[in-house]
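Engineer: Quick note, the sequences are listed as chains A and B, same order.
Sequential numbering of the first sequence, starting at 1, is according to my numbering.
Sequential numbering of the second sequence, starting at 1001, is according to my numbering.
Heads up, the beta-carbon is just placed ideally off N, CA and C, and yes, glycines get one too.
Note that the coordinates shown come from a computational prediction; the quantities given were computed from them, not determined experimentally.
Below is the structure I would like to discuss, written out as structure tokens.
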Amino acid sequence: MLTYFLSPEYTISDKLVQIMYLLSGFFCMYCGVRAWIVKANKHFLPTGLFWFTLGIVVAFGQWLPPLASGILVAITCIPAALGMVKRGNLQSPTKEEQQKNYNKIGMKIFIPAFGAGVFSILISLFLPGWSSLLGSLFATIVGVILLVIWNRENKAMTFLEEGRRFLDMTSAVYIMPLLLSCLGTIFTNAGVGDAFATIFGKIIPQGNVYIGIVAYAVGMVLFTMIMGNAFAAITVMTVGIGVPFVISLGANPLYMVTLAMTCGYCGTLLTPMAANFNIVPGVYLEVKDKYSIIKMQLIPSILMLVFQIIYMCLMVNKPF
Amino acid sequence: MLSLLGVVVVIIGFALKLEPIAIIVVSAIVTAVCGGINVVDLLTSVGTTFVANRNQLITIILMILTGTLEKNGLKEAGAALIRKAKGLTTGMLIAIWGVLDEIFIIFKIPIGGIPSYVRPILMPMTLGIIESKGYEVAPEHEETIKALYGKDYNVSNFFGQCLFAANSSVLLIQSTLASIGYEVDVMQIVAVQIPVALFAMLVNATQTLIVDGRMVKKYYPDMKKKAA
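Shown next as structure tokens:
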């Protein structure tokens, strides 16, 4: 690991990204250890195990052999799959406290809040070749410093525990998109994409790029509705339909794949499977009809899909 | 064809509303067994993919900041900002919130979200607009407002997020393109998404104004006259 950081082969940007992973991983491990110490609920052991092993993979993934990472991910999945990753007992700050701090800091609080986006833009403008991911690292460092200057009550433990409250809130669902990418890879390795292509190939006439685009876009919508998430769909549909029916005919891959992803989101708008977006918010708002949000999303979904299909068709011949 | 069993597992699992991560794990195992992938290869490919894509967990580091921002009055500041705009209709407030939502998402500003903003701050403000004009809020209108706030956030979130270069969706698009042999920079992906994000903003706001306007006309036909 030390050789990695001393090696001139890697750029400063790469090394900073690894430092960011180390910090993120250590923070997850901290949350795991805290869960064990605080014992907030009866599932504190699996909850801590989840965050601790996740932290190891996040921090040291670069240096671990892939098999070891895979085993650690599998361990992480056990408490998650059994639904044993539970929220702790961390309370949101009281309204009085927020009001008091707002009176102290005021509208300036938006400055650190805008940090991640602003730093990402600055990096892409002034530090060519640097990873825009580093915007998050710089924003966090600067934001923490500002908050300490503005309000001396913000101690190291404040940041760690408030951060843990947020991480806790997301629970195991946090790694779901990542696990779905892994599933996508497994699907690809097992030839699911090919099987899909075979079936689709029988339905869609090959050789017409516009028909291919419609099939790719609508396929993304349908697959996403089934999975409740466009992330797993994009890999499978790109390998299964995007490449053979669209990109291999010379269509611009950047436009096709990028827009296929957001076509998938039109499917997310329509499915109860995406419960965290379509059902849970309704619960918070106490809606009488739990599908009222999905019903309201039908028209935007159709309009967005049509818009994107037209956009893809217009960009098909743009040189890559 | 047997490898499609894993997809069937996903469909059935979600239809039965089982624990999502359990579904993913079972589907992975079924797919590996049917596709003739052994345990070592399965775990190796999971390890490789997980580590290669762990940039999707980048928000962990931001959470250290986000939680303390909330404690230090970010919500209050947001509420104070919205309150400054006077003479709003319900539809305008919901539509403006939808546009702001999308801007917040584009810049990854940790504001927005139904439980933390809409329910405690915006819902009371929106209903207050009707009440301040001397009407009772019609139940159907109240339900419509809730659904509008729900879709506001989703439409803004889905079609705005790809303008934030470090977003997991952008990174997934990049890695998907790389897996089929095309190297692109994240900013190229962001550029492609700009028209989509703008169109979504337009659709989102227009729908809100039309749907809410219809409700206002239906239940409080004299509102405009009274105001004048």
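What does a CB cutoff of less than 8 angstroms around T1208 of chain B pick up in its chain, not counting 5 residues either side in sequence?
Structural biologist: As a first step, residue 1208 of chain B is located in the second sequence; it is residue number 208 there, counting from the start. Cβ neighbours of T1208 of chain B beyond the five flanking positions: G1091, I1094, A1095, G1098, L1148, D1152.
Engineer: Here's a check: name, in chain order, each residue in its chain whose Cβ is nearer than 7 angstroms to the Cβ of Y255 of chain A, leaving out the five neighbours to either side.
Structural biologist: In the first sequence, the residue the question calls residue 255 of chain A occupies position 255. For Y255 of chain A, where only same-chain residues beyond five positions count, the Cβ hits under 7 angstroms are M312, M315, K318.
Engineer: What does V192 of chain A reach in chain B if we use C-beta pairs closer than 9 angstroms?
Structural biologist: Start at 1 with the first residue of the first sequence, and residue 192 of chain A comes out as number 192. Chain B residues near V192 of chain A: S1003, L1004, G1006, V1007, T1031, G1035.
Engineer: For L259 of chain A, which residues of its own chain have a beta-carbon under 7 angstroms away from its beta-carbon, when the five flanking residues on both sides are left out?
Structural biologist: Reading the first sequence from its first residue, position 259 is the one you call residue 259 of chain A. Excluding sequence positions up to five before and after L259 of chain A, its CB lies within less than 7 angstroms of the CB of Q308, Y311, M312, all in the same chain and listed in chain order.
Engineer: Contact criterion: CB-CB distance below 8 angstroms. Does F5 of chain A meet it with respect to chain B?
Structural biologist: Along the first sequence, one-based indexing puts residue 5 of chain A at 5. So no, F5 of chain A is outside the interface.
Engineer: Who are the neighbours of N1055 of chain B on chain A, taking C-beta pairs under 9 angstroms?
Structural biologist: Reading the second sequence from its first residue, position 55 is the one you call residue 1055 of chain B. Going along chain A in sequence order, the residues near N1055 of chain B (Cβ under 9 angstroms) are V17, Y21, S131, L133.
Engineer: Can a CB atom of chain A be found closer than 8 angstroms to the CB of Y1149 of chain B?
Structural biologist: Here the question's residue 1149 of chain B lines up with position 149 in the second sequence. Yes, its Cβ sits closer than 8 angstroms to a Cβ of chain A.
Engineer: Would P177 of chain A pass as a contact of S1168 of chain B if the rule is Cβ separation under 8 angstroms?
Structural biologist: Taking the first sequence and counting its residues from 1, one reaches residue 177 of chain A at position 177. Taking the second sequence and counting its residues from 1, one reaches residue 1168 of chain B at position 168. Going by C-beta atoms, P177 of chain A is nearer than 8 angstroms to S1168 of chain B.
Engineer: Looking at the structure shown, is K1017 of chain B part of a helix, part of a strand, or coil, going by DSSP?
Structural biologist: Counting from 1 along the second sequence, the entry for residue 1017 of chain B is found at position 17. K1017 of chain B: coil per DSSP, three-state reduction.
Engineer: Take the Cβ of N41 of chain A as the centre, count every other Cβ of all protein chains shown within 10 Å, and call the residue buried at 16 or more, exposed below.
Structural biologist: Taking the first sequence and counting its residues from 1, one reaches residue 41 of chain A at position 41. Looking at its Cβ environment, which holds fewer than 16 other Cβ atoms inside 10 Å, N41 of chain A is exposed.
Engineer: Can you tell me the Cα-Cα spacing of M1001 of chain B and I204 of chain A, whole angstroms?
Structural biologist: Mapped onto the second sequence, residue 1001 of chain B falls at position 1. Mapped onto the first sequence, residue 204 of chain A falls at position 204. Roughly 18 angstroms separates the two Cα atoms.
Engineer: Quick check: the Cα distance between Q62 of chain A and A1052 of chain B, rounded to an integer number of angstroms?
Structural biologist: One-based indexing of the first sequence puts residue 62 of chain A at position 62. One-based indexing of the second sequence puts residue 1052 of chain B at position 52. Approximately 9 angstroms, taken between the alpha carbons.
Engineer: What did DSSP end up calling A1228 of chain B once you bin it into helix, strand or coil?
Structural biologist: As a first step, residue 1228 of chain B is located in the second sequence; it is residue number 228 there, counting from the start. Residue confidence is low: A1228 of chain B scores 43 on pLDDT, short of 50, so the model does not pin down where it sits. Its coordinate-derived value is still stated next. In the structure shown, A1228 of chain B sits in coil (DSSP, three-state: anything other than H, G, I, E or B).
Engineer: Which residues, taken in chain order from the stretch 158-174 of chain A, show a beta carbon closer than 8 angstroms to some beta carbon of chain B?
Structural biologist: T158, F159, L160, E161, E162, G163, R164, R165, F166, L167, A172, V173, Y174
Engineer: Tell me the rounded alpha-carbon separation between A1228 of chain B and D289 of chain A.
Structural biologist: Locating residue 1228 of chain B in the second sequence gives position 228, where the first residue counts as 1. Locating residue 289 of chain A in the first sequence gives position 289, where the first residue counts as 1. Reliability of the predicted coordinates at A1228 of chain B is poor, the pLDDT of 43 falling under 50, and the value obtained from them is presented with this limitation in mind. Straight-line Cα distance between these residues: approximately 36 angstroms.
Engineer: Expressed to the nearest angstrom, what Euclidean distance is found between the alpha-carbon atoms of T1066 of chain B and G143 of chain A?
Structural biologist: To locate residue 1066 of chain B, count along the second sequence from 1; it is residue 66. To locate residue 143 of chain A, count along the first sequence from 1; it is residue 143. CA-CA distance, T1066 of chain B to G143 of chain A, rounds to 9 angstroms.
Engineer: Under a CB-based cut-off of 8 angstroms, is E97 of chain A close to chain B?
Structural biologist: Within the first sequence, numbered from 1, the residue matching residue 97 of chain A stands at position 97. Yes, because at least one Cβ of chain B sits closer than 8 angstroms to the Cβ of E97 of chain A.
Engineer: Answer yes or no: does any C-beta atom of chain A fall closer than 8 angstroms to that of V1216 of chain B?
Structural biologist: Against the second sequence, residue 1216 of chain B aligns to sequence position 216. Chain A contact via Cβ: absent.
Engineer: Counting only runs of 4+ residues fully inside the stretch 1186-1226 of chain B, write out the alpha helix (DSSP H) ranges in chain order.
Structural biologist: 1186-1219
Engineer: List, in order along the chain, the chain B residues whose C-beta lies closer than 7 angstroms to that of K288 of chain A?
Structural biologist: Here residue 288 of chain A corresponds to residue number 288 of the first sequence, with the count starting at 1. By Cβ distance, chain B contributes E1143.
Engineer: Answer with yes or no whether the minimum CB distance from C313 of chain A to chain B is below 8 angstroms.
Structural biologist: Stepping through the first sequence from its first residue, residue 313 of chain A is reached at position 313. For C313 of chain A, the answer is no, since every Cβ of chain B falls outside 8 angstroms of its Cβ.
Engineer: Checking 8 angstroms against the spacing of the C-beta atoms, do Y102 of chain A and F1159 of chain B come in under that value?
Structural biologist: For this step, residue 102 of chain A is matched to residue 102 along the first sequence. For this step, residue 1159 of chain B is matched to residue 159 along the second sequence. No, Cβ-Cβ distance for Y102 of chain A and F1159 of chain B is not below 8 angstroms.
Engineer: State the Cα-Cα distance for the pair I71 of chain A and A1080 of chain B, rounded to the nearest angstrom.
Structural biologist: Residue mapping note: residue 71 of chain A aligns to position 71 of the first sequence, counting from 1. Residue mapping note: residue 1080 of chain B aligns to position 80 of the second sequence, counting from 1. Rounded to whole angstroms, I71 of chain A to A1080 of chain B spans 49 angstroms at the Cα level.
Engineer: For M1201 of chain B and L23 of chain A, I'd like the C-alpha separation in whole angstroms.
Structural biologist: Numbered from 1 along the second sequence, position 201 holds the residue referred to as residue 1201 of chain B. Numbered from 1 along the first sequence, position 23 holds the residue referred to as residue 23 of chain A. Approximately 36 angstroms between the Cα atoms of the pair.
Engineer: Classify L303 of chain A as helix, strand or coil using the three-state DSSP reduction.
Structural biologist: Mapped onto the first sequence, residue 303 of chain A falls at position 303. Three-state result, L303 of chain A: helix.
Engineer: With a Cβ-Cβ cutoff of 8 angstroms, do L183 of chain A and A1015 of chain B count as a contact?
Structural biologist: Looking up residue 183 of chain A in the first sequence gives position 183. Looking up residue 1015 of chain B in the second sequence gives position 15. For L183 of chain A and A1015 of chain B, no; Cβs fall outside 8 angstroms.
Engineer: Assess contact between the stretch 1054-1072 of chain B and the stretch 152-164 of chain A, defined as three or more Cβ pairs (one per stretch) separated by less than 8 angstroms. Is contact present?
Structural biologist: yes
Engineer: Is the beta carbon of A190 of chain A less than 8 angstroms from the beta carbon of T1031 of chain B?
Structural biologist: Locating residue 190 of chain A in the first sequence gives position 190, counting from the first residue. Locating residue 1031 of chain B in the second sequence gives position 31, counting from the first residue. A contact, by the Cβ cut-off of 8 angstroms.
Engineer: Could you check where the alpha helix (DSSP H) with V316 of chain A kicks off and where it finishes?
Structural biologist: The count along the first sequence starts at 1 and reaches residue 316 of chain A at position 316. First-last for V316 of chain A: undefined, no H or E at that position.
Engineer: Quick one, which residues of the stretch 1151-1164 of chain B are near chain A if we go by CB-CB under 8 angstroms, in chain order?
Structural biologist: Flagged, chain order: K1151, Y1153, N1154, V1155, N1157, F1158, F1159, C1162, F1164.
Engineer: Is E153 of chain A helix, strand or coil by DSSP?
Structural biologist: By one-based count along the first sequence, residue 153 of chain A stands at place 153. Under the three-state reduction of DSSP output, E153 of chain A falls in the coil class, being neither helix nor strand.
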